[in-house]
Each structure stands twice: as C-alpha cells, then as structure tokens.
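If you're matching positions, the sequence shown starts at 1 in full-length UniProt numbering and goes up one per residue. Think of the CB as a built atom: it goes at the ideal place given N, C-alpha and C, for glycine as much as any other residue. This one's a predicted model, so the numbers in the text were calculated from it and none came from an experiment.
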Amino acid sequence: MESGSNLPTPGNYPGGDRQQFCVSWNSHQSNMHSAFPKLLSSEQFVDVTLACDGGSIKCHKVVLSACSDYLERLLLEIPCTHPIIFL
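The following block contains the structure:
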C-alpha cells in the first residue's frame with residue numbers, strides 16, 4: 001500500500017480550488033448493530049478485560065463507558081492501555 005502521497009492536500013486540489021464534501025451513511029444504525037457482536041466474538045480492538053471468579057472476558061472501553069457511568073469513571077482514572085478489572 002502506498003503512502004498518502006496521492007491524497008489531495010490544501011495546496012494540490014485538482015484545479016487548485018478547495019472542495020467541500022458531505023458524507024452520508026443511511027444504514028449506520030443497522031451496520032453498528034451487526035458490527036459490535038462481530039467485534040466481540042473476534043476480539044478485534046479489545047482494550048479492557050473484565051475478570052471474575054476465575055473467568056474473564058475481553059471488552060471494549062467505549063462500550064462499557066457508554067453503558068455504565070461507574071465503569072466510565074473507573075476507566076478514565078486508569079492510565080493503562082489494556083487494564084484488567086476484577087469484579
């Protein structure tokens with residue numbers, strides 16, 4: 001894969017003009033609904049582990065934070081990149 005050398009920058013837009021774009025994603029909600037279970041089962045991008053009674057599950061900080069004010073505060077206080085939280 002090439003570096004971003006072919007990407008337009010403010011100085012090399014075609015025709016020298018700046019352009020504005022509007023990006024729309026009409027199926028965002030359904031795509032997100034199906035993406036989270038896949039991410040959990042594949043353990044892609046996991047960044048926190050919850051442990052309890054000898055078992056553990058790898059999770060996503062953003063999901064835990066969105067679902068729990070307590071976990072959001074706790075995760076904000078932990079400087080680790082992949083903390084393990086014992087319940």
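- Following the continuous beta strand (DSSP E) through residue 56, name the residue where it begins and the one where it ends. Locating residue 56 in the sequence shown gives position 56, where the first residue counts as 1. Counting along the chain, the beta strand (DSSP E) containing residue 56 begins and ends at 55-59.
- Using the C-alpha atoms, what's the distance from residue 45 back to residue 33? For the purposes of this step, residue 33 is identified with residue 33 of the sequence shown, where counting begins at 1. For the purposes of this step, residue 45 is identified with residue 45 of the sequence shown, where counting begins at 1. One C-alpha to the other measures close to 17 Å.
- Nearest-angstrom Cα distance between residue 40 and residue 20? In the sequence shown, counting from the first residue as 1, residue 40 sits at position 40. In the sequence shown, counting from the first residue as 1, residue 20 sits at position 20. Going by the C-alpha atoms only, they are around 36 Å apart.
- Just how far apart, CA to CA, sit residue 83 and residue 30? As a first step, residue 83 is located in the sequence shown; it is residue number 83 there, counting from the start. As a first step, residue 30 is located in the sequence shown; it is residue number 30 there, counting from the start. Those two C-alpha atoms are separated by around 30 Å.
- Query: If you check the beta carbons only, do residue 57 and residue 74 fall under 8 Å apart?
  - Reply: Taking the first residue of the sequence shown as 1, we reach residue 57 at position 57. Taking the first residue of the sequence shown as 1, we reach residue 74 at position 74. No, Cβ-Cβ distance for residue 57 and residue 74 is not below 8 Å.
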